[in-house]
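> As they're listed, the protein sequences go chains A and B. Remember, my numbering sits 50 above the position in the first sequence when you count from 1. Remember, my numbering sits 23 above the position in the second sequence when you count from 1. Even glycine gets a Cβ: it sits at the ideal position worked out from N, Cα and C. Submitted below is the structure of interest, expressed as structure tokens.
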Amino acid sequence: MAPVLMWLILVLCLVISIGKYLLGLVLRLAHPSTKIRKDYSLEPTVSVLMPCYNEGKTVYETIESISRSNYPSHKFEVIAQDDCSADDSYEWMLKAQRDFPGVRIRVGRNEENCGKARTVCNALVHSRAEIIISIDSDCIFHPEAIRELTASFSEPKVGSVGGRVGVRNPNESVITAIQTIVYYAAFELYKIPENWTRSVCCISGCLFAIRRELLLEIEPAIRARHWFGVPVNQGEDRFLTHQTLLRGYGTYINNDALCWTTVPTTLPVLFKQQLRWRRSIVRDFFFTLRSLPQHVFKLHPNTVLTLVLTPLGAIVALLVVVTSLISDPMAWAGPMPMITALAIAAVLSWWIKKRSVRETIAHPLAFGAYIAWAIASSLFLTPLALCTMDSADWGTRVKTV
Amino acid sequence: MATETLEPEVKPAKKAAAAQPLHYRFILTTYRIFAIAALYAVLLGVIAYAFVMGFYAVNSSWAAPVILTATDEKSLDFREKLITSQQSIEDLKVDAAKMEAGLKEMQAHRGALLALEPQIQRAIDAERKHDTADLPQLSSLDRQKLADDARTQKLLAQLEDMEANIEKDLAAGLITKADAASQLAALNQTATGYTDSRIAEVLLTDTELDKTPVGGTIVDALEKQAELRSEAAQLDVAIEVAEKELTEDNRQIARLHDAIVTAKLSPYYLIATGKNLLYFAFVPYDNQASATPGSPIYDCYLNMILCRKVGVVGQRFAGEEQATHPIFKTQIRGFLIQMELDRAQAEAAKSRTVFLGRKPLLF
């Protein structure tokens, strides 16, 4: 009975995932209601909150790019909040403040290191703007990003809007090539059906816009997040999105609001990042289960299925992989997984080259390596995430000075 | 724009930790212990998996014990085929015996026929000799007879006149009716005699023809001789066919016999007919060098460590077998060996793998 149930869940997850990708493709090409009605005349006041920890000079480049936004300078400000970086990030922030006087840049520093989520909250205290945009301090923003995000708030029931995150370094290594395809497929296909129902389950923290009153309402919950007493500083983007949906607002990703992030170039760093993300997914899953009736009644079925089945699928996939390896240890060695991956890679690479020249992958066949990563990911990430839920380690931003 | 440096805004998360309730601490400690144990278990599992995969990829002394019983499908099938083969041998033997008897009969008949041949030839020769002697005499007599018949015919031509004269004499009263009847009967007898003489002449001519080389008697004799020779030739063909069939039957019997002898060396025969408990193991071809009769067999814990000797390799069976790799679960080819297990170590027959020749990790 248990194996049958396991396979059923896995098949359901796969069907929904593949269905979402295919539906995303169809909607993207053919359904205008997928795209939000944008009103560029709104121009609300905007605070760009930029938490920072050990980013060094990158933070300067980030502020530089955001300061070049095509948005009335008197209507937006940058609040850069350093989370007690051990490097010279704070100095770079101050330098940016001096170098870009055309924009109101305010620089602050936490008294002690308290993580990204609380740093955002600390920055929020100084903001009075109508729309809060939280950004990552290692991203480069398109000049139209703020305008695109604010224009998307024309629908009153939309509470949070995200941007499209691209990869700055697609051809730096095989690892970055893999991530480029994954990012592209996620934003351009997977999230499109969620966009259609205004119920995106996770807006990336790289570029996250939210109504001020909504964020103020959620802020206490962000500060109070803990795992049996251990403060939770990770996955604030997923948490914010989830809370937005639970409060009856819609969420949307505007793929015209572009930003570019530098993705991990080595496997250990990628592993740490993915582990952090997986922890957030698992945490979100537990939260969903804890209040499942509320979710079922309040949220769109698309959202509930994504919130429940995505992490459940990962756990079940682990069990399936383990049982498959026990019954047939060489199952992974067959040619089909590699052929399938290569075929998908070839199609997506061609598509990316056609639609987003900046992210063109020089070696599309590198996607074959994703198989190894997928197996490792299925085998290690979920159990590791389940066993390290109390970890506050960010993983990818720790630098020794 | 004026530059601003913000006042530190700190709501330390530490406070939450400091105010951690006791039950949270307990849950967290339990969770951490469980998590560490689980992670080490996963780690050990992965290392063990990798090690086992690597070990069986390079090891060349393992064999997989196979438990065969008389009720196994393969054993039953084997037994059925064996019985069918034995039945075929018996049927072929009966056929061969019948064929051999028939062959002897045909050979005897042929001998008898061939023995008649000289007698018939002698009879033909004697007949020919006799005919050669009689033919001139008969020809001479025939000619003489023809001359006599010619003269008789001339006399008969006068008989009508004589009959007329008798009628006249009777009418004239010169002779009585009785005399006239007597004279007419005499004339009729003469005519009948002539007819008989003609018949005799025809018969003589026929007899004369019989005495010639194409006469009926000699032709009959030659026909008999031809029939005899034909029958002998037919017997020759039948004997040859029968001999070939007999040879083929005997060859088939020999082949089946060999097959049965070979089959009797199979583990399935041993298990189907044997009364003692026998143990077998599948050896892949890659490991055949280790499967020498008399080599020690080791059974190990966790399929590779803390090994102990459980018996020795018995006979090696020739037939190819296909089996599933006990670890990789792929199809592999190899053969079976008999394991002579120590009585106390019979449980080794149920192990997933055993090792031949030496302990795999030397302990």
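Return the bridge partner residues of ARG214 (chain A) from the DSSP annotation.
A:LEU308
> Could you have a look at ARG333 (chain A) and say whether DSSP puts it in helix, strand or coil?
The answer is helix: DSSP assigns ARG333 (chain A) an H, G or I state.
> Check GLU180 (chain A) in the structure and name its three-state DSSP category.
coil
> In three-state terms, what does DSSP make of MET327 (chain B)?
coil
> For PHE78 (chain B), collect the residues of the same chain with a Cβ closer than 7 angstroms to its Cβ; drop the 5 residues on either side in sequence, then sort them by chain order.
Cβ neighbours of PHE78 (chain B) beyond the five flanking positions: MET327.
> Pull out every residue of the segment 363-380 of chain B whose Cβ sits closer than 8 angstroms to any Cβ of chain A, in chain order.
none
> Since I believe GLU286 (chain A) is in contact with ILE303 (chain A) (beta carbons under 8 angstroms), could you give me their beta-carbon distance rounded to a whole number of angstroms?
Actually they do not touch by this definition, with Cβ atoms about 17 angstroms apart.
> Taking C-beta pairs closer than 9 angstroms, name the residues in chain A that ALA71 (chain B) reaches, listed in chain order.
Under the 9 angstroms cutoff, chain A gives no residues; its nearest Cβ is about 12 angstroms from ALA71 (chain B).
> Who are the Cβ neighbours of THR240 (chain B) in its own chain at under 7 angstroms, not counting the five residues just before and after it?
GLU150, ASP233
> Is the shortest distance between the beta-carbon of ALA25 (chain B) and the beta-carbons of chain A less than 9 angstroms?
At ALA25 (chain B) the pLDDT is 43, less than 50, meaning the model places this residue with poor confidence; the figure from the coordinates comes in the next sentence. Yes - at least one Cβ of chain A is within 9 angstroms of the one on ALA25 (chain B).
> Can you tell me the Cα-Cα spacing of VAL336 (chain B) and LEU379 (chain B), whole angstroms?
C-alpha separation (whole angstroms): 8 angstroms.
> Consult DSSP for ASP132 (chain A) and reduce its assignment to one of helix, strand or coil.
strand
> Does ILE50 (chain B) have its Cβ less than 9 angstroms from a Cβ in chain A?
yes
> If the cut is a Cβ gap below 9 angstroms, which residues of chain A does TYR292 (chain B) touch?
Here the premise fails: no neighbours, minimum Cβ distance about 34 angstroms.
> What in chain B is Cβ-close to MET380 (chain A), meaning under 8 angstroms?
Neighbours of MET380 (chain A) across chain B, judged by C-beta separation under 8 angstroms: PHE351, LYS352, THR353.
> Please report the residue range of the alpha helix (DSSP H) in which PRO351 (chain A) lies.
DSSP places PRO351 (chain A) inside the alpha helix (DSSP H), whose first and last residues are 351-377.
> So, with DSSP's three-state summary, where would you put ARG339 (chain B)?
Reduced to three states, the DSSP call for ARG339 (chain B) is strand.
> Any beta-carbon of chain B closer than 9 angstroms to the one on CYS437 (chain A)?
yes
> Under the DSSP definition of a beta bridge, which residues are partnered with THR347 (chain B)?
B:GLN354
> Specify, as a first and last residue, the run of the beta strand (DSSP E) that MET380 (chain A) falls within.
No beta strand (DSSP E) holds MET380 (chain A); DSSP gives it neither H nor E.
> Can you look up GLU271 (chain B) in the DSSP assignment and give me helix, strand or coil?
helix
> On the criterion of 16 or more Cβ atoms from any shown chain inside 10 Å, does GLN257 (chain B) qualify as buried, or is it exposed?
Classification for GLN257 (chain B): exposed.
> GLY285 (chain A) touches chain B at which residues, Cβ-Cβ below 9 angstroms?
For a Cβ distance threshold of 9 angstroms, nothing in chain B lies close to GLY285 (chain A): the least Cβ distance comes to about 15 angstroms.
> Could you tell me how far apart the beta carbons of THR438 (chain A) and ARG329 (chain A) are, in whole angstroms, since I believe they sit closer than 8 angstroms?
7 angstroms
> Can you check whether the C-beta of ARG55 (chain B) is within less than 9 angstroms of a C-beta belonging to chain A?
yes
> If we cut at 9 angstroms on Cβ distances, does PRO44 (chain B) have a partner in chain A?
yes
> Taking the alpha carbon of GLN345 (chain B) as the point to measure from, which residue in B:PHE57, B:THR52, B:ALA87, B:VAL81 has its own alpha carbon closest?
Distance check between GLN345 (chain B) and each of B:PHE57, B:THR52, B:ALA87, B:VAL81 places B:ALA87 closest, using alpha-carbon atoms only.
> Output, in chain order, the set of chain A residues within a Cβ distance shorter than 7 angstroms of MET76 (chain B).
PRO379
> With respect to the beta strand (DSSP E) encompassing TYR121 (chain A), which residues constitute its N-terminal and C-terminal limits?
No beta strand (DSSP E) contains TYR121 (chain A), which DSSP labels as neither H nor E.
> Return the residue from the list A:ASN305, A:PHE337, A:ARG297, A:TYR240 that minimises the CA-CA distance to ARG275 (chain A).
A:PHE337
> CB GLY216 (chain A) to CB TRP310 (chain A), shorter than 9 angstroms?
yes
> Run through the DSSP bridge pairs and tell me what ILE276 (chain A) is partnered with.
Looking at the sequence provided, one finds His at residue 276 (chain A) rather than Ile. According to DSSP, which records beta bridges pairwise, HIS276 (chain A) is partnered with A:PRO281.
> Applying a beta-carbon distance threshold of less than 8 angstroms, which residues of chain A neighbour ALA87 (chain B)?
Per Cβ cutoff of 8 angstroms: no residues; ALA87 (chain B) is ~15 angstroms from chain A at best.
> Can you tell me the Cβ-Cβ gap for PHE305 (chain B) and GLY357 (chain B), rounded? I've got them flagged as a contact below 8 angstroms.
6 angstroms
> Rounded to a whole number of angstroms, what is the C-alpha to C-alpha distance between ALA40 (chain B) and PHE347 (chain A)?
Bear in mind that a pLDDT of 48 at ALA40 (chain B), under 50, signals an unreliable position, so the number given afterwards is only what the model happens to contain. Going from the Cα of ALA40 (chain B) to the Cα of PHE347 (chain A) covers about 34 angstroms.
> List the residues of chain A whose Cβ lies closer than 9 angstroms to the Cβ of VAL65 (chain B), in chain order.
LEU429, PHE430, PRO433, LEU434, CYS437
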